[in-house]
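J.:
In our numbering, the protein residues as written are 127 to 279.
1. Identify which residue in 180, 145, 167 and 139 has its Cα closest to the Cα of residue 252.
2. So residue 144 and residue 177 are supposed to be a Cβ contact under 8 Å. How far apart are they, rounded?
3. Return helix, strand or coil for residue 134, following the three-state DSSP convention.
4. For residue 157, is the classification buried or exposed, using 16 other Cβ atoms within 10 angstroms of its Cβ as the cut-off for buried?
5. Have a look at residue 185 and residue 146 and give me their C-alpha separation to the nearest angstrom.
6. How about residue 136 and residue 154: do their beta carbons lie closer than 8 Å?
7. Comparing C-alpha positions only, which one of 161, 220, 131 and 216 sits nearest to residue 192?
8. Do residue 181 and residue 130 have their beta-carbon atoms positioned less than 8 Å apart in this structure?
9. Give the DSSP-derived three-state secondary structure of residue 251 in the structure shown.
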C-alpha cells in the first residue's frame, strides 16, 4: 500500500493530490490558499493524518534548461521544512509544464481557464490537477523501478 501526498506549491495556492491505496492512480484532492507556513503545515498535516500519508511528493519548478533557479530553491526549502514539521520524507519531482498539462486536461473536461481560480477549493483547479500530475509521475517511476533524479538543496 502506498500513501503519498502530491503538492504543487505556489506563492498564492498549494495544490494537493492523493492516490489510490495501490498507488496506481493519482487524483486532485483540493487546493489550499497559501496563508503562512504554520497554517499551511497545520492544514496539510491534518490531511496527512486523515489519509495516513507516509511520503510527500513535492513538485520542483526547474528552469526549462533543467537548472535549479530561485523559485526551485524556495520550494526545496519549503518542502524540507514541511517534511521536518510533519516528520515525513520528502521527494522532489520535476514539475516543468505540469500547469500547462493541467490546464489542457481541465479544458478538455469543460472547465474554462479563468473560472478555475475563482471556484470553490473542492472543485478541480489547475493547482490540484498539477499536483496529481506530479504525484502520478512519481507513482509511475516507483512502479517501473526507475530511480527518479533527486534534487538536493
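Virtual Cβ for every residue (Gly too), placed ideally from N, Cα, C.
T.: Here's the rundown:
1. Here residue 252 refers to the residue found at position 126 of the chain shown. The shortest C-alpha separation from residue 252 is found at 139.
2. Position 18 of the chain shown, counted from the first residue, corresponds to residue 144. Position 51 of the chain shown, counted from the first residue, corresponds to residue 177. Indeed they touch by this definition, with Cβ atoms about 6 Å apart.
3. By 1-based counting over the chain shown, the position of residue 134 is 8. In the structure shown, residue 134 falls within a strand segment according to DSSP collapsed to helix, strand and coil.
4. As a position in the chain shown, residue 157 is number 31, starting the count at 1. Residue 157 is buried by the Cβ-count criterion.
5. Along the chain shown, one-based indexing puts residue 185 at 59. Along the chain shown, one-based indexing puts residue 146 at 20. The alpha-carbon atoms of residue 185 and residue 146 are separated by roughly 19 Å.
6. Stepping through the chain shown from its first residue, residue 136 is reached at position 10. Stepping through the chain shown from its first residue, residue 154 is reached at position 28. No.
7. Mapped onto the chain shown, residue 192 falls at position 66. The option with the nearest alpha carbon to residue 192 is 220.
8. As a working note, residue 130 is residue 4 in the chain shown. As a working note, residue 181 is residue 55 in the chain shown. Yes.
9. On the chain shown, residue 251 is found 125 positions in, with the first residue counted as 1. Reduced to three states, the DSSP call for residue 251 is coil.
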